[in-house]
Every structure is written in C-alpha cells, then in structure tokens.
Amino acid sequence: MTAKELANRLNGMQYGAGFGDVLEEAKKSGLVIVTGESDDLMEFDGAIYDDGGCFGGGRVYFDRDGVDQEGEERANCIQAVWSNGVNRNGVPATWIYKTGIPCERFDVFEGDALYCEGLVFLVEDLK
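Residue numbers (my numbering): 516 to 642.
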C-alpha cells in the first residue's frame, strides 16, 4: 500500500472511529498515520506508535524510534496548528499540520465538521 492509497482510504473518516483493518497494512507498508486527539495530542499510528503533546498547537519532534517531548534530540518535526487552520482545500479545521516530510493528507470529521487534516508518510522518508 502507498501513502496516497492509505490517505484515500482514510479520507472522510469520523473522529474516534479508529483505523480498523488498515492499521496492520500500514505497519507492514512502513506507513505512519498522524492525527489529532482531543485538544492536546498528536497521535502517531502504524509504523510508529506514539503521541506528542501539543496543547493549543506547537511542534512535535520525532524520529523512527518515536517522539521526544523535549524537542532537542530528534531530527523530524511536525507543527500542529490548533483551531485557526485551514486544510488543503481552504476548509477550516480544528487541527492541521505543517511539515517538510513528504506526505499525503486526509480529512477526519467530527459529525459534519472538519476535525483534523491528517498525514500519512513513509517511515523511510524520515531523517
């Protein structure tokens, strides 16, 4: 499975629904899924299983081994934008993410509202 295929499968999912049958496929394919959780966490699933604190937005630093809450020792970064971001189509979202990591994006909804623009990327693309 490619990052684009996984993002397409996840696009439109409901917040809290879980990843179900695609999670094992993501792991086997070396894919990482990033989504928001509540108002304070960035969740990593798939080839990396971890989370990083980002209450009100902020940066989470990580590498192939996981998240470093201190931000000093890990080579990769994703910036979380809380409550005033817009997704790739200009739609307001509770969470969006900015990163230089090559990735595909998908939308997670809470009811009819866009909750989060999630990311999918290959673990092998990390520094």
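Glycine included, every Cβ here is placed at the ideal spot set by N, Cα and C.
In the structure shown, what three-state DSSP assignment does residue i receive?
i, result
"Glu-585", "coil"
"Asp-640", "helix"
"Val-596", "strand"
"Val-537", "helix"
"Arg-603", "coil"
"Asn-523", "helix"
"Ala-518", "helix"
Can you give the beta carbon distance from residue i to residue j, rounded, assuming they're within the 8 Å contact cut?
i, j, result
"Glu-625", "Tyr-564", "Wrong, their Cβ atoms sit about 23 Å apart, outside the cutoff."
"Ile-616", "Val-601", "The Cβ separation is near 20 Å, so there is no contact."
"Glu-632", "Asp-622", "6 Å"
"Gln-594", "Thr-614", "7 Å"
Beta-carbon within less than 7 Å of residue i's beta-carbon, same chain only, minus the 5 sequence neighbours each way: which residues are those?
i, result
"Arg-524", "Val-537"
"Ala-518", "Leu-546, Cys-618, Glu-619, Val-635, Phe-636 and Leu-637"
Can you list, in chain order, the residues of its chain whose CB lies under 6 Å from that of residue i, leaving out five sequence neighbours each side?
i, result
"Gly-571", "Trp-597"
Based on DSSP bridge pairs, tell me the residues matched to residue i.
i, result
"Met-557", "Gly-551 and Gly-567"
"Asp-509", "No answer is possible for residue 509: it lies beyond the span of the chain, which begins at 516 and ends at 642."
"Ile-616", "BP columns for Ile-616 are empty, so no partner."
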